[in-house]
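What follows is a short report on a single structure.
Residue numbers (my numbering): 1366 to 1715.
In structure tokens:
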């Protein structure tokens, strides 16, 4: 099982309704943010795969899929991959071997998780060195952006460093006790601090006999699990997660995030495009990104009421299943409105 972790993990992300091409898998894993890629993530429930393996080439994906198809875990028809009954059994066996720590059901934290993990280690180092009154150390995160952001977070919390250090120690102890021994040791093995260098990722992979992909998935899942702590019991961890989420543009591309801020101020789409010197269609793509990543609630403002009502009626009566079919009935229907309603229906039917 461990020798084929990547193949088994990819298989475990398929459900009975998943239907994707190799190219689509590659684009999802690389974190491509076009509306079509994000829609495929939503439609196929591949949230956990998004931006997880950007280093894998299309040839790597062809090799992975060749293995899964050859062993009849997946079948391919019209270039689309689907899980087989054999694959379902293998998926369940794998999940017993590697139980999911979390089941992601959205994309909003895709860019938060890795940054939060690094800051989690960095904050531990800061408090450790502070407790020994040592200012002469090499910071775990060296960029000005990270250091400025963490300083702002610490100052903004409104408590003295002595008190914050004690709170962090308490939260860290409670956190580690909440995990299994293996996971606690895995997390603690990364810590750096006063007279503590921590292990490199390669050393930890060797210690736990993990492939690079297995290690990456563990970090991804543990980071999310750590960040989702109850804010009453883990106020600092919860606050750090929220701060990092904001620093990550709330999971959006920076350009989409700027458009979101303007739209939420009540500025209409045309005016946002004019101010930003972008095409209207680009702002529409930003709206789609907001909906697909953040489940943004304001999208109905951009759909004509008649289109919304009529298209829902056509879907309910099963008269249409594609944009081309809908367009023959609602002649002035644009694809942007169609896609927004399609996303809404997918989520309503989950």
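Yeah, the Cβ is synthetic: ideal placement off N, Cα and C, and Gly gets one too.
It should be emphasised that the depicted structure is a prediction, and the values quoted were computed from it without experimental measurement.
{"Check": "Under a Cβ-count criterion, where at least 16 other Cβ atoms within 10 Å of its own Cβ denotes burial, should residue 1498 be classed as buried or exposed?", "Outcome": "exposed"}
{"Check": "Using the rule of at least 16 other Cβ atoms within 10 Å of the residue's Cβ for burial, across every protein chain shown, is residue 1413 buried or exposed?", "Outcome": "buried"}
{"Check": "Would residue 1558 be called buried (16 or more neighbouring beta carbons within 10 Å of its own) or exposed?", "Outcome": "buried"}
{"Check": "Measure the alpha-carbon distance for residue 1697 versus residue 1706 and round it to whole angstroms.", "Outcome": "15 angstroms"}
{"Check": "Cutting at 7 angstroms between CB atoms, please list the residues of its own chain near residue 1680, excluding the five before and the five after it.", "Outcome": "1710"}
{"Check": "Quick check on residue 1609: buried or exposed, where buried means 16 or more other Cβ atoms within 10 Å of its Cβ?", "Outcome": "buried"}
{"Check": "Look at the Cβ atom of residue 1645, then the Cβ atom of residue 1635, and state whether they are nearer than 8 angstroms.", "Outcome": "yes"}
{"Check": "Check the C-beta distance from residue 1576 over to residue 1433 and give it rounded, since I have them as a contact under 8 angstroms.", "Outcome": "Their Cβ separation, rounded to whole angstroms, is 16 angstroms, which puts residue 1576 and residue 1433 out of contact at 8 angstroms."}
{"Check": "On the CB-based measure, 16 or more other CB atoms within 10 Å of its CB, does residue 1670 come out buried or exposed?", "Outcome": "exposed"}
{"Check": "Since I believe residue 1587 is in contact with residue 1536 (beta carbons under 8 angstroms), could you give me their beta-carbon distance rounded to a whole number of angstroms?", "Outcome": "About 15 angstroms separates the two Cβ atoms, so there is no contact after all."}
{"Check": "For residue 1487, count neighbouring C-beta atoms within 10 Å of its own C-beta (all shown protein chains included) and say buried if the count is 16 or more, exposed if not.", "Outcome": "buried"}
{"Check": "Return the chain-ordered list of same chain residues with a C-beta closer than 7 angstroms to the C-beta of residue 1530, the five sequence neighbours on each side being excluded.", "Outcome": "1492, 1495, 1496"}
{"Check": "Counting Cβ pairs, one atom from each stretch, are 3 or more of them under 8 angstroms apart for the segment 1543-1555 and the segment 1565-1584?", "Outcome": "yes"}
{"Check": "Exposed or buried, which one is residue 1520 when buried takes at least 16 other CB atoms within 10 Å?", "Outcome": "exposed"}
{"Check": "Three or more C-beta pairs closer than 8 angstroms, one from the segment 1651-1665 and one from the segment 1506-1519: is that the case here?", "Outcome": "no"}
{"Check": "CA-CA distance, residue 1695 and residue 1659?", "Outcome": "29 angstroms"}
{"Check": "Three-state secondary structure (DSSP) at residue 1558?", "Outcome": "strand"}
{"Check": "Hey, out of 1623, 1475, 1544, whose CA is closest to residue 1418's CA?", "Outcome": "1475"}
{"Check": "How is residue 1531 classed by DSSP in three states: helix, strand or coil?", "Outcome": "helix"}
{"Check": "Below 6 angstroms CB to CB, which residues in the same chain sit around residue 1677 once its five sequence neighbours on both sides are set aside?", "Outcome": "none"}
{"Check": "Within the continuous alpha helix (DSSP H) that includes residue 1441, where are the two ends?", "Outcome": "Segment 1439-1442 is the beta strand (DSSP E) holding residue 1441; no alpha helix (DSSP H) there."}
{"Check": "Can you look up residue 1402 in the DSSP assignment and give me helix, strand or coil?", "Outcome": "helix"}
{"Check": "Is it buried or exposed for residue 1561, if we count other Cβ within 10 angstroms and need 16 for buried?", "Outcome": "exposed"}
{"Check": "Which first and last residues belong to the alpha helix (DSSP H) in which residue 1360 is found?", "Outcome": "The structure shown does not extend to residue 1360, since the chain is modelled only from 1366 to 1715, so the question has no answer here."}
{"Check": "My output table needs one value for residue 1472: the three-state DSSP class, helix, strand or coil.", "Outcome": "coil"}
{"Check": "Pull up the DSSP beta-bridge partners for residue 1448, would you.", "Outcome": "1439"}
{"Check": "Using a Cβ-Cβ cut-off of 6 angstroms (strictly less than) and excluding sequence neighbours within five positions of residue 1383, which residues of its own chain qualify?", "Outcome": "1409"}
{"Check": "At the level of alpha carbons, what is the spacing between residue 1377 and residue 1470?", "Outcome": "15 angstroms"}
{"Check": "Does the distance from the C-beta atom of residue 1591 to that of residue 1485 stay below 8 angstroms?", "Outcome": "yes"}
{"Check": "When you compare each of 1632, 1564, 1534, 1566 to residue 1598 by their alpha carbons, which one comes out closest?", "Outcome": "1534"}
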